[in-house]
Amino acid sequence: MTVNVIVGMQWGDEGKGKITDYYARNAHAVVRYQGGNNAGHTIVRNGKKYSLHHLPSGVFEGKEIILGNGMVIDPKFLIDELNTIKKHGVEENLHISDNANVIMSYHIIQDELEENLRGGKKIGTTKKGIGPAYTDKVNRIGIRMADIIDRERLLKRIEYALIFKNRYLASLDSSFKPLNAEDITDEYFKYGTVLKKFVKDTRNYLYTLQEENKDILIEGAQGTFLDIDHGTYPFTTSSNTVTGNASTGTGIPFRDITKVTGILKAYTTRVGEGPFPTELKNNIGKYLMENGHEFGTTTGRMRRCGWLDLVMARTAAKMNSISEISLTKIDVLSGLDVLKVCTHYEYDGKKIKYFPSDVEDLASCRPIYETLPGWKKMSSEDWKMVFEAGIPDFMKEYILLIERETGAKISLISYGPDREETYIVK
Ligand code: IMP
3 MTVNVIVGMQ WGDEGKGKIT DYYARNAHAV VRYQGGNNAG HTIVRNGKKY
53 SLHHLPSGVF EGKEIILGNG MVIDPKFLID ELNTIKKHGV EENLHISDNA
103 NVIMSYHIIQ DELEENLRGG KKIGTTKKGI GPAYTDKVNR IGIRMADIID
153 RERLLKRIEY ALIFKNRYLA SLDSSFKPLN AEDITDEYFK YGTVLKKFVK
203 DTRNYLYTLQ EENKDILIEG AQGTFLDIDH GTYPFTTSSN TVTGNASTGT
253 GIPFRDITKV TGILKAYTTR VGEGPFPTEL KNNIGKYLME NGHEFGTTTG
303 RMRRCGWLDL VMARTAAKMN SISEISLTKI DVLSGLDVLK VCTHYEYDGK
353 KIKYFPSDVE DLASCRPIYE TLPGWKKMSS EDWKMVFEAG IPDFMKEYIL
403 LIERETGAKI SLISYGPDRE ETYIVK
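For the sequence shown, our numbering begins at 3 and goes up steadily by one.
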């Protein structure tokens with residue numbers, strides 16, 4: 003029985019979707035522990051592109067899919083997502099935690115109003131209501147999945163929440179009309195009726211799966227440095243993205259985790275605001291953005307691009323107990339004469355090896371690079387041929403540098419979006 007965790011080592015968008023899809027082959031169940039539909043996976047199967055937001059990638063493998071208690075779920079959005087995959091002939095085998103919090107329509111309004119109020123200090127949220135839903139959870143006025151399947155209970159919870167929400171939202175926007183508890187109850191109970199068959203105590207269900215020796219794959223959304231505690235606060239998401247939360251967000255005991263695989267993109271990207279030491283605001287950054295199709299799956303925004311940052315990777319490897327790395331999008335680096343890799347930062351006249359915890363400190367760090375030779379641009383057929391003979395010589399220095407600096411082994415290399423464009427390191 004294994005409990006494997008997959009976690010992003012950067013600012014999200016490392017290509018976790020494809021890798022989870024790959025590893026899901028050997029798992030019985032795929033579980034998510036945090037975040038909501040702010041996540042976006044693009045999966046390419048047989049040349050067809052799919053975008054997933056709440057659902058982890060294993061859904062295409064017919065695996066049991068579990069949306070854990072640590073998630074925030076937009077039921078309207080989830081129903082649409084389920085309808086879309088059904089149209090493609092995929093049958094879901096879904097379980098939703100009764101304790102997962104619900105993203106309500108007023109959370110989305112709040113997200114938008116708060117972002118507007120931030121003016122020049124925007125976080126750059128996905129405007130999906132993620133932050134407000136987690137805020138209400140912590141404030142104990144959240145609505146849970148167990149509530150939306152019981153009309154009477156839902157009405158009471160919404161009436162209670164609106165005591166606070168109506169006042170707060172009116173204070174943000176003078177034209178705001180107070181929300182009516184009955185109307186919202188009608189809407190969300192409708193979603194609850196559709197989703198009811200999936201809602202259950204997923205913690206205890208997972209224990210049953212463990213007792214039956216089933217292999218479980220836990221998938222993190224976003225990435226290590228978007229973590230609310232360990233990321234570049236306040237330019238983070240509102241949940242704990244690191245492996246430590248894989249236990250809290252599902253109920254699986256942390257000692258039962260058998261392996262953590264980190265997903266590392268061969269260069270760095272970030273969506274939204276915040277300091278980014280290896281950012282390339284030049285033609286190389288533009289090249290990576292275009293070559294890597296670095297546009298958000300959820301928001302369509304352009305991602306900022308930069309060189310690979312091993313200070314981030316080293317810190318992520320340590321914090322998440324990563325023993326193996328899946329290296330993604332290595333093909334995107336092709337066609338550059340030289341490649342730079344940041345191994346340390348210079349901070350306050352000193353050379354440092356771990357990512358600073360404070361965002362202001364990070365903003366004053368300067369990257370220290372090693373420069374390696376690049377390699378020529380190749381077609382996807384060429385890539386397939388090259389990898390048939392193993393890791394190509396021209397790439398070995400890049401791989402060894404990552405392994406040396408992070409202390410983790412690269413066990414998988416992804417060189418294209420299709421699941422077949424994957425090399426398993428022997
Ligand atoms: P929120 O999660 O919508 O509150 O957004 C907070 C920050 O996290 C913003 O900078 C978003 O761009 C970023 N973010 C949220 N989800 C993802 C993701 O899946 N990939 C990359 N960035 C994300």
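Glycine included, C-beta positions come from ideal geometry on N, C-alpha and C.
On a predicted model such as this, the values are computed, not experimentally measured, just so you know.
Taking 8 Å as the threshold (C-beta atoms), are residue j and residue i in contact?
i      : j      : result
Ala318 : Met11  : yes
Gln224 : Gly42  : no
Trp385 : Tyr417 : yes
Lys202 : Glu16  : no
Glu94  : Ile68  : no
Val104 : Ile145 : yes
Ser241 : Tyr108 : no
Asn264 : Ala410 : What sits at residue 264 in the sequence shown is Gly, not Asn. In this structure, Ala410 lies closer than 8 Å to Gly264 by Cβ.
Gly251 : Tyr25  : no
Thr345 : Leu374 : no
Lys20  : Glu221 : no
Ser359 : Val262 : no
Met314 : Phe357 : yes
Asn40  : Thr239 : yes
Glu423 : Ser381 : no
Lys167 : Leu181 : yes
Thr300 : His55  : yes
Val361 : Tyr235 : yes
Met397 : Ile332 : yes
Ala183 : Leu208 : no
With a threshold of 6 Å on Cβ separation, who are the neighbours of residue i within its own chain once the five nearest residues in sequence on each side are excluded?
i      : result
Asp258 : Val5
Gly126 : Gly274 and Glu275
Tyr425 : Phe389 and Ile415
Lys1   : Any answer about residue 1 is impossible in this case: the structure gives the chain only from 3 up to 428.
Gly376 : Leu338, Asp339, Val340 and Leu341
Arg272 : Trp13, Phe278 and Arg306
Asp138 : Gly144
Arg1   : Since the first residue shown for the chain is 3 and the last is 428, residue 1 is missing from the structure and cannot be characterised.
Asp420 : Val46
Arg455 : With the chain covering only 3 through 428, there is no way to say anything about residue 455.
Thr280 : Thr270, Gly308, Trp309, Asp311, Cys344 and Pro369
Asn284 : none
Contact defined as beta carbons within less than 8 Å: I believe residue i pairs with residue j. What is the distance between those atoms, to the nearest angstrom?
i      : j      : result
Leu211 : Thr187 : That belief does not hold up - the Cβ atoms of Leu211 and Thr187 are roughly 34 Å apart, past 8 Å.
Thr245 : Val46  : Incorrect: roughly 27 Å between the Cβ atoms, too far for contact.
Gly64  : Val33  : Going by Cβ atoms, the distance from Gly64 to Val33 rounds to 15 Å, so no, they are not a contact pair.
Tyr269 : Leu310 : 5 Å
Lys50  : Thr44  : No, Lys50 and Thr44 are not in contact; Cβ-Cβ is about 11 Å, not under 8 Å.
Lys355 : Arg316 : 6 Å
Excluding the 5 residues flanking residue i on each side, which residues of the same chain have their C-beta closer than 7 Å to its C-beta?
i      : result
Phe191 : Ile150, Arg153 and Leu156
Gly337 : Lys378 and Lys379
Ile412 : Ile327, Leu329, Ile401, Ile404, Glu405 and Val427
Asp100 : Arg146, Met147, Ala148, Val201, Lys202 and Asp203
Thr260 : Thr4, Val5 and Asn6
Arg27  : Glu63
Tyr170 : none
Gly91  : none
Skipping 5 residues on each side, what residues in its chain have a beta carbon closer than 8 Å to that of residue i?
i      : result
Leu197 : Pro77, Leu80, Ile81, Ile98, Met147, Ile150 and Ile151
Val1   : Nothing about residue 1 can be read from this structure; the chain reaches only from 3 to 428.
Is any heavy atom of ligand 2 found at a distance shorter than 7 Å from the C-beta of residue i?
i     : result
Asp15 : As far as ligands go, the structure on display features ligand 1 and does not contain ligand 2.
Is the stretch 168–180 touching the stretch 105–117 in the sense that three or more CB pairs, one from each, lie closer than 8 Å?
yes
Does the stretch 276–290 come into contact with the stretch 51–61, if we say contact requires no fewer than three beta-carbon pairs (one atom in each stretch) closer than 8 Å?
no
Check whether the stretch 282–300 and the stretch 217–236 are in contact - that is, three or more C-beta pairs closer than 8 Å.
no
Would you be able to state if there are at least three C-beta pairs under 8 Å between the stretch 384–391 and the stretch 305–313?
no
Would you call the stretch 125–140 and the stretch 85–93 touching, i.e. three or more CB-CB distances under 8 Å?
no
Inspect the CB distances between the stretch 365–375 and the stretch 320–336 and report whether three or more fall short of 8 Å.
no
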